[in-house]
Structure formats: C-alpha cells, structure tokens
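Undergrad: Residue numbers (the working numbering): 42 to 267.
Where is the CB? At the ideal position from N, CA and C, for every residue including glycine.
Sharing a structure with you now.
As structure tokens, this is what we get:
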C-alpha cells in the first residue's frame, strides 16, 4: 500500500493525481449544487460543430478553425471528444491519465536507472497524455446520445412554411393554425386580412411574423405551392 501511495504521489503520476483531485472537488461541488454541471466551461461541443456548418446561424463564429469553431472546440472535435459537456471530457482525461501514469510508476519506472528516472517520467507523462486522448474518445462515443441538444425553432424560421388552418374563421382578430414538424405539429396564432376564403382544414402560407403581438400573418396558398 505504501508503494502504491508513493507511486501516485511521485513524478509523473503526481501530475494526474493533482488534476484528478481538482476534478473530484468539482464534482463534489456539482453534487451539492454549488456549481452548475452545464455552466461555465461545460460546452456542448457537438452542437457547436453542427452549427458551424450553418452560415445563417453562425456567420463569423470565430478564428479557431475552418468550420468557425473556437480553438478549444476545434481541437476537441478533431480528437473525437465532442458531443458531451467539457467537464466530462476533462474528468475522463484525468482519470485515464492517472491510471496510466500510476501503472507505469508501479511497473516500468522502477526498472529505469535513477539517473534517467526524470527523463523516463517525462516520456511516460507525454505517452499517457496521448493515450488518454485516444481512450477518452472511445469512452465519450457511447455517451453522446445522453447529451443531445434539441434547439427550439425560432419564430422567423416558420415564415415561408405551409400551415393548416385550425379555426373556422381567420381574420384580423383571431385565428389558429398548425405547422407540421417532425413529431408533434406546432400550434400558432395567426391572422389574415379580411375578407378571405380561409376556413378550417385549408392550407395557407405563413408570410410574416408580428413580434409585438406574437402572431403570424397567413395568406391563401399560391398556385405554385398547391
């Protein structure tokens, strides 16, 4: 037991021992509610990567990579560590690195002459860092499904889509319609200039959104959309 403690508190394992201690303190604070599991440095890198390809949503998103990701996000995507909160990535890297350096300190480094111990320890530290990235990437893969982010559709995104009238009459004061989406449809408040021929069950085109009154204008479906 004393040899294990000595190995974990000596170079190079001590580097990961300290990092793992910081990670454990973080998770303890998260459990008791003093820090937010998803806040601060916790980033949904998978969502960033998906959004980077959408020029309409991102625009000039940053200088970290050709996809518009920040520098850190670009590196995590490149190494396959995306799709989970950043705190989980750091925790896995610390845990795997701690295990690898600990095992090397117990089995390999005692065989190295004392004069070369620090150089060998530095090599073990670099090798453990590289291997921890590879192993953590494999551990992250099955976790991604637990952290899927479903982004809400913006009001402006519905403009130009076809809807189905739900009310018997649609005029300047009242009206409701449904926009078909994956899964359940979206029920929205609508209006249309009177007189019009819109009735329950008719298809109509959403032409604009009024943010002040939080409703959409609809018009009879043009022939090219029929």
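Quick check: the Cα distance between residue 213 and residue 132, rounded to an integer number of angstroms?
TA: 57 Å
Undergrad: Using DSSP with H/G/I as helix, E/B as strand and the rest coil, what is residue 214?
TA: Here residue 214 sits in coil by DSSP.
Undergrad: Of all the options 54, 184, 72 and 174, which has the alpha carbon lying nearest to the alpha carbon of residue 119?
TA: 174
Undergrad: Under 8 Å Cβ to Cβ from residue 259, same chain only, skipping five residues before and after it: list those, please.
TA: 204, 206, 211, 216, 218, 231, 232, 233, 239, 245, 246, 247 and 248
Undergrad: Entirely within the segment 120–149 and at least 4 residues each: give me those alpha helix (DSSP H) ranges in chain order.
TA: The segment 120–149 contains, as complete alpha helix (DSSP H) runs of 4+ residues, the segments 127–148 (chain order).
Undergrad: Quick check on residue 166: buried or exposed, where buried means 16 or more other Cβ atoms within 10 Å of its Cβ?
TA: That one is buried.
Undergrad: Tell me whether residue 58 sits in a helix, a strand or coil according to DSSP, three-state version.
TA: Here residue 58 sits in helix by DSSP.
Undergrad: Please state if the CB of residue 122 and the CB of residue 130 are separated by a distance shorter than 8 Å.
TA: yes
Undergrad: How long is the line joining the alpha carbons of residue 102 and residue 116, rounded to whole angstroms?
TA: Below a pLDDT of 50, predicted positions are generally treated as unreliable, and residue 102, at 37, falls in that range; the measurement from the model is reported next regardless. For residue 102 and residue 116, the distance between alpha carbons rounds to 15 Å.
Undergrad: Quick check: the segment 68–77 against the segment 141–158, are at least 3 beta-carbon pairs closer than 8 Å?
TA: no
Undergrad: Per DSSP, what kind of secondary structure is residue 73 in: helix, strand or coil?
TA: coil
Undergrad: Can you tell me the Cα-Cα spacing of residue 68 and residue 134, whole angstroms?
TA: 15 Å
Undergrad: Determine the burial state of residue 109: buried for a count of at least 16 other Cβ atoms within 10 Å of its Cβ, exposed for fewer.
TA: Bear in mind that the predicted position of residue 109 carries a pLDDT of just 41, short of 50, making it unreliable; the figure below should be weighed with that in mind. The residue in question, residue 109, is buried, as its Cβ has 16 or more Cβ neighbours within 10 Å.
Undergrad: Between residue 200 and the rest of its own chain, which residues show a CB-CB distance below 8 Å, the 5 nearest in sequence each way excluded?
TA: 247, 248, 249, 250 and 257
Undergrad: Which whole-angstrom value describes the C-beta separation of residue 169 and residue 142, a residue pair presumed to lie in contact below a C-beta threshold of 8 Å?
TA: 5 Å
Undergrad: Grouping DSSP H, G and I as helix and E and B as strand, with all else coil, what is residue 251?
TA: strand
Undergrad: What do you get for residue 87, buried or exposed, if any count of 16 or more other CB atoms within 10 angstroms of its CB means buried?
TA: A caution first: residue 87 carries a pLDDT of 43, below 50, which makes its placement in the model unreliable, though a value can still be read off. Result: buried.
Undergrad: Whose C-beta lies closer than 7 Å to the C-beta of residue 158 among residues of the same chain, with five residues either side of it excluded?
TA: Excluding its 5 nearest sequence neighbours in each direction, residue 158 has C-beta neighbours in its own chain below 7 Å: 150, listed in chain order.
Undergrad: Tell me which same chain residues have a C-beta within less than 8 Å of the C-beta of residue 147, skipping the five on either side of it?
TA: 44, 45 and 48
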